[in-house]
Amino acid sequence: MADPARDDGLTADELDDGIPFMQQLLDNPFILLFLGVVTPTVLYVIWGVMEIVGIPVAK
Amino acid sequence: MAINRMFRTCPMTGLRVHESAEALIKANAVAAVVFLLLGGILALLVALTRWQAVHLLPPDWFYLVLTGHGLDMLVFWIIFFEIAVLYFASSILLGCRLAAPRLAWFAFFLMLAGGIINNYAVFRGDSSVMFTSYAPMGAHPTFYLGLILFAVGALIACFVFFGTLVVGKAEHTYNGSVPLVTFGAVTAAIIAVFTIATGAIILIPTFLWSVGLVDHIDSLMYRTVWWAFGHSSQQINVAAHVSVWYAVAAIVFGAKPMSEKVSRGAFLLYILFLQLASAHHLLADPGLTSNWKIFNTSYAMYLAVLASMVHGLTVPGSIEVAQRRKGYTKGLFEWLRKAPWGNPVFSGMFMSLLGFGFLGGISGVIMGTEQLNLIIHNTIYVPGHFHATVVIGTTLAFMAVTYFVIPAIFRREVSFPKIAQWQPYVFGIGMTMLAVFMMGAGTLGVPRRHWDITFAGNALGYEFPGTAHLMMGLMGIGGVIAVVGGAMYLLVVVHSVFLGRRIETPGFQRVRVVEGMAPIPVPQPAGAAPQAHGGAQAWGAPGTFALAMVFLVSFVLYYFINWKYLATVWPLK
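Here you go:
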């Protein structure tokens, strides 16, 4: 499991160029972390809280 | 600061084990098992109280015990074990050092302190507020404080996991993408971060409310945000136990994923949509619109269900492909008949897969359908569902992988091998009975979290049909069998870890680092398989597709039976 960049003389960036977009996305845990936190925060938490805040207060 | 680069190479698996990672895996796994023991004792008391013919505990003790059981099992046992899984899937599978071991120890002690403080609050007797602790029902401040400390510790542990991924990449201990098992652990850690963040959003103000610094907690706001924590915490389990399934398939059979693309795509669906299923707990709440409810359950949740069905297909599929390569090609199911059913690592994992899919998965879709939810909402059907997902699915998978962890990490032989061989069956069958009969009783309207369904001595009673009482009795018997299975697990694990025969292995040695890259050992088959990548070439799994068809037919039938049932209890004329 040596560094591929060392084996064939290519830099890591040059190697990345040939990797499909989806694989690059799935290989980046921090982008996935961002997506995995933002998606439910917007669709579940913020949307849900906005609906509750919008309920008229009983008089 | 000196970096610990002490590694040993496991002779059984060929995996390179970092000293700090091994110690932390052991500590987290032992803490998990202690909370499992406590939760298991409480489980027996709950089952014997809800079994109406026994009706063991008085009401105040019942609610106390039920609260402790829920927290010890759903939070402390499971998450401690998951942290052990995260460290294994990062440091050991990537063959790299664990990032920031001291921080990881700080996280461990914070989690331990949180667990103890929360249990103290529960056993004081003034915090019998159930796992959900719905405001305005208040608990002692230490109840919330314990949960907050535990959550902060778990969050730190998640970031140690992410840091370890960075270390592995920077020190070039693996090529290209991380192994699929590690990717599943990434999914679990991401869901954990969201879970803990939402937990903080709701539990910190609730703690301040409990000490008098905040006036009021809105009950609907509490429920909405709390469920983003409460239900998502169980979604960490799903991602973690699916990772364990892939690991066991690789360890026992040398199986490679049928398609990396498909399996990783399914994990991506978990990352994006699994947490949204939390909304099904609020389907009967009038304060939220149908738009929010239906989007979060009947649209987004189905994408997560699709992901589970993909894993449910590809894990046994990869086992079938591996078995067929070994020559078990006769008929549709020779590969399954000739599987090592006497090996608890496999039998526990396969029962976990079946129980999670057929019982937990199908019932989860029923509960997530807004209309159908009406017939089972807040009945004992709900704990029936999550005992199928969290206990048969997650706990049984974790029990199964423990039989691999004992020799590989604790370096001890598994004691009482015959008991270990039977343990997954006893636990799995008992828990299946418990889940099925809970769901049956729930369909007849038996409420959850209820001390006495005979309403003895109440002015406004209600008489459930005899079938409901029969099902509650069978549920109790199933619970007792499952507790016996749990006790067998604890006996084997505790004896193996503390008194089991040592497996002599080479000790830790300092690994010299040349240009930031540690030398890589040649992996042995058992260790190489979970580190390997699969391909899209291996779809020759007709037996698995036949099983998938059985699953889909069961799913469709049960779905429509529930619509028919809804039509009888809520007729439209």
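Chains as they are written, first to last, in the working numbering: chain A, 1 to 59; chain B, 1001 to 1573. Idealized CB from N, CA, C, for every residue including glycine. All values derive from a computational prediction rather than experimental measurement.
Relative to the ligand NAD, is the shortest distance from any of its heavy atoms to the C-beta of B:A1482 smaller than 7 Å?
In the structure on display, the ligand NAD does not appear, and there are no ligands present to speak of.
B:P1575 by DSSP, collapsed to three states: which one?
The structure shown has nothing for residue 1575 of chain B, since chain B only spans 1001 to 1573.
Nearest candidate by alpha-carbon position, reference B:T1369, set B:G1040, B:I1025, B:W1563 and B:V1160:
Reading the second sequence from its first residue, position 369 is the one you call residue 1369 of chain B. Ranking the options by Cα distance to B:T1369, first place goes to B:W1563.
Identity of the residue in B:V1122, B:A1192, B:L1098 and B:N1175 nearest B:R1005 by Cα:
By one-based count along the second sequence, residue 1005 of chain B stands at place 5. The shortest CA-to-CA distance from B:R1005 to any of B:V1122, B:A1192, B:L1098 and B:N1175 is the one to B:L1098.
Range covered by the alpha helix (DSSP H) that runs through B:F1080
Here residue 1080 of chain B refers to the residue found at position 80 when the second sequence is read from its first residue. If you look at B:F1080, you'll find it in the alpha helix (DSSP H) that goes I1078 to Y1087.
Return the residue from the list B:F1295, B:S1554 and B:G1114 that minimises the CA-CA distance to B:W1077.
Position 77 of the second sequence, counting from 1, holds the residue named residue 1077 of chain B. For B:W1077, the closest of B:F1295, B:S1554 and B:G1114 by C-alpha to C-alpha distance is B:G1114.
Leaving out five residues on either side along the sequence, give the residues of the same chain with a beta carbon under 7 Å from the beta carbon of B:F1555.
Numbered from 1 along the second sequence, position 555 holds the residue referred to as residue 1555 of chain B. Excluding sequence neighbours, B:F1555 sits near I1362.
State yes or no: is the beta carbon of B:T1013 nearer than 8 Å to at least one beta carbon in chain A?
As a working note, residue 1013 of chain B is residue 13 in the second sequence. No, B:T1013 does not count as interfacial toward chain A.
Tell me the DSSP secondary structure of B:T1009 in three-state form.
Translated into the one-based positions of the second sequence, residue 1009 of chain B becomes position 9. DSSP places B:T1009 in strand when its eight states are reduced to three.
Residues of the stretch 1362 to 1386 of chain B in Cβ contact with chain A at a cutoff of 7 Å, in chain order, please.
Listed by position, the residues of the stretch 1362 to 1386 of chain B near chain A (Cβ gap below 7 Å) amount to none.
Among B:W1422, B:A1435 and B:F1427, which has the Cα closest to the Cα of B:V1382?
For the purposes of this step, residue 1382 of chain B is taken as the residue at position 382 of the second sequence. Checking every option, the nearest Cα to that of B:V1382 belongs to B:A1435.
Listed in chain order, which residues of the stretch 42 to 54 of chain A have Cβ atoms closer than 8 Å to some Cβ of chain B?
Listed by position along the chain: L43, Y44, V45, W47, G48, V49, E51 and I52.
Are the Cβ atoms of B:V1046 and B:H1069 separated by less than 8 Å?
Taking the first residue of the second sequence as position 1, residue 1046 of chain B is located at position 46. Taking the first residue of the second sequence as position 1, residue 1069 of chain B is located at position 69. Cβ atoms of B:V1046 and B:H1069: closer than 8 Å.
Could you compute how far the alpha carbon of B:Y1299 sits from the alpha carbon of A:I52?
Counting from 1 along the second sequence, the entry for residue 1299 of chain B is found at position 299. Counting from 1 along the first sequence, the entry for residue 52 of chain A is found at position 52. One C-alpha to the other measures close to 21 Å.
Checking 8 Å against the spacing of the C-beta atoms, do B:V1152 and B:A1139 come in under that value?
In the second sequence, residue 1152 of chain B corresponds to position 152, counting from 1. In the second sequence, residue 1139 of chain B corresponds to position 139, counting from 1. The Cβ-Cβ distance between B:V1152 and B:A1139 does not fall below 8 Å.
Do B:I1236 and B:E1082 come within 8 Å of each other at the CB atom, strictly closer than that value?
In the second sequence, counting from the first residue as 1, residue 1082 of chain B sits at position 82. In the second sequence, counting from the first residue as 1, residue 1236 of chain B sits at position 236. Between B:E1082 and B:I1236, the C-beta gap is smaller than 8 Å, which places the two residues in contact.
Is the Cβ of A:G108 closer than 8 Å to any Cβ of chain B?
Here chain A covers residues 1 to 59 and nothing more, so residue 108 of chain A does not appear.
Please list, in chain order, the residues of the stretch 1244 to 1270 of chain B that have any C-beta partner in chain A closer than 7 Å.
For the stretch 1244 to 1270 of chain B, the set of positions with a beta-carbon nearer than 7 Å to some beta-carbon of chain A reads R1264 and L1268 in chain order.
Would you check if the distance between the CB atom of B:I1409 and the CB atom of B:L1359 is smaller than 8 Å?
Taking the first residue of the second sequence as 1, we reach residue 1409 of chain B at position 409. Taking the first residue of the second sequence as 1, we reach residue 1359 of chain B at position 359. With respect to the 8 Å criterion, B:I1409 and B:L1359 are not classified as neighbours on the basis of their beta carbons.
For B:H1281, report the span of its beta strand (DSSP E) as first-last.
Taking the second sequence and counting its residues from 1, the one referred to as residue 1281 of chain B is at position 281. That residue, B:H1281, is in no beta strand (DSSP E); it is neither H nor E in DSSP.
Return the chain-ordered ranges of every alpha helix (DSSP H) run that is complete within the stretch 16 to 53 of chain A and spans a minimum of 4 residues.
Runs found: 21 to 26, 29 to 40 and 47 to 53.
Hey, which unbroken runs of the alpha helix (DSSP H) at 4 residues or more fall wholly within the stretch 1126 to 1185 of chain B?
Whole alpha helix (DSSP H) segments, 4+ residues: 1141 to 1170.
Beta-carbon proximity list for A:D7, same chain, < 6 Å, skipping 5 on both sides
Against the first sequence, residue 7 of chain A aligns to sequence position 7. Summary for A:D7: the model assigns pLDDT 48, below 50, so the residue's position carries little reliability; its value from the coordinates is reported in the next sentence. There are no such residues.
Exposed unless 16 or more other CB atoms sit within 10 angstroms - verdict on B:D1072
The count along the second sequence starts at 1 and reaches residue 1072 of chain B at position 72. It is buried - the Cβ of B:D1072 has at least 16 other Cβ atoms within 10 Å.
With 8 Å set as the bound, which would you pick, yes or no: does the beta-carbon of B:Q1323 sit closer than that to a beta-carbon of chain A?
Here residue 1323 of chain B refers to the residue found at position 323 when the second sequence is read from its first residue. Residue contact with chain A for B:Q1323: absent (no Cβ-Cβ distance below 8 Å to any residue of chain A).
Residue ranges of each alpha helix (DSSP H) within the stretch 1396 to 1429 of chain B, 4 or longer:
Within the stretch 1396 to 1429 of chain B, the complete alpha helix (DSSP H) segments of 4 residues or longer fall at 1396 to 1408, listed in chain order.
Return no unless some Cβ of chain B is closer than 8 Å to the Cβ of A:M1.
By 1-based counting over the first sequence, the position of residue 1 of chain A is 1. Confidence is the limiting factor: at A:M1 the pLDDT is only 40, short of 50, which leaves the residue's position unreliable and the question unanswerable from this model.
Beta carbons nearer than 9 Å to chain A: which residues of the stretch 1180 to 1201 of chain B have them?
Going along the stretch 1180 to 1201 of chain B in chain order, one finds F1183, V1186, T1187, A1189, I1190, I1191, V1193, F1194, A1197, T1198 and I1201 with a Cβ nearer than 9 Å to chain A.
Alpha helix (DSSP H) runs wholly inside the stretch 1339 to 1403 of chain B, at least 4 long, in chain order
Runs of alpha helix (DSSP H) with 4 or more residues, each lying fully within the stretch 1339 to 1403 of chain B, are found at 1344 to 1354, 1362 to 1367, 1370 to 1376 and 1381 to 1386, listed in chain order.
Here's the rule: buried if 16 or more other CB atoms are within 10 angstroms of the residue's CB, otherwise exposed. What is B:I1366?
Within the second sequence, residue 1366 of chain B is the residue found at index 366, counting from 1. B:I1366 is buried by the Cβ-count criterion.
Integer Cβ distance of B:M1156 from B:A1107, believed to fall under 8 Å:
As a first step, residue 1156 of chain B is located in the second sequence; it is residue number 156 there, counting from the start. As a first step, residue 1107 of chain B is located in the second sequence; it is residue number 107 there, counting from the start. One detail in the question is off: residue 1156 of chain B reads as Ile in this sequence, not Met. Between B:I1156 and B:A1107 a beta carbon distance of about 4 Å is seen, short of the 8 Å cut, so the two are scored as contacting.
Amino acids of chain B, ordered along the chain, whose beta-carbon sits closer than 7 Å to that of A:P29
Counting from one through the first sequence, the residue named residue 29 of chain A turns up at place 29. The contacting residues are F1162, L1165 and V1186.
Between the Cα of B:N1028 and the Cα atoms of B:F1007, B:A1482 and B:F1088, which residue gives the shortest distance?
Residue mapping note: residue 1028 of chain B aligns to position 28 of the second sequence, counting from 1. Here the closest residue by C-alpha is B:F1088.
Please report how far the alpha carbon of B:V1252 lies from the alpha carbon of B:M1399, in whole angstroms.
For this step, residue 1252 of chain B is matched to residue 252 along the second sequence. For this step, residue 1399 of chain B is matched to residue 399 along the second sequence. Going by C-alpha positions, B:V1252 is about 15 Å away from B:M1399.
Proximal chain B residues relative to A:P56, where beta-carbon distance stays under 7 Å
Working through the first sequence from its first residue, we reach residue 56 of chain A at position 56. Near A:P56 there are no residues of chain B at all, since even the closest Cβ is about 11 Å away, more than 7 Å.
With DSSP as the reference, please indicate the residues paired to B:P1447 in a beta bridge.
Translated into the one-based positions of the second sequence, residue 1447 of chain B becomes position 447. Bridge pairing for B:P1447: B:T1379 [DSSP].
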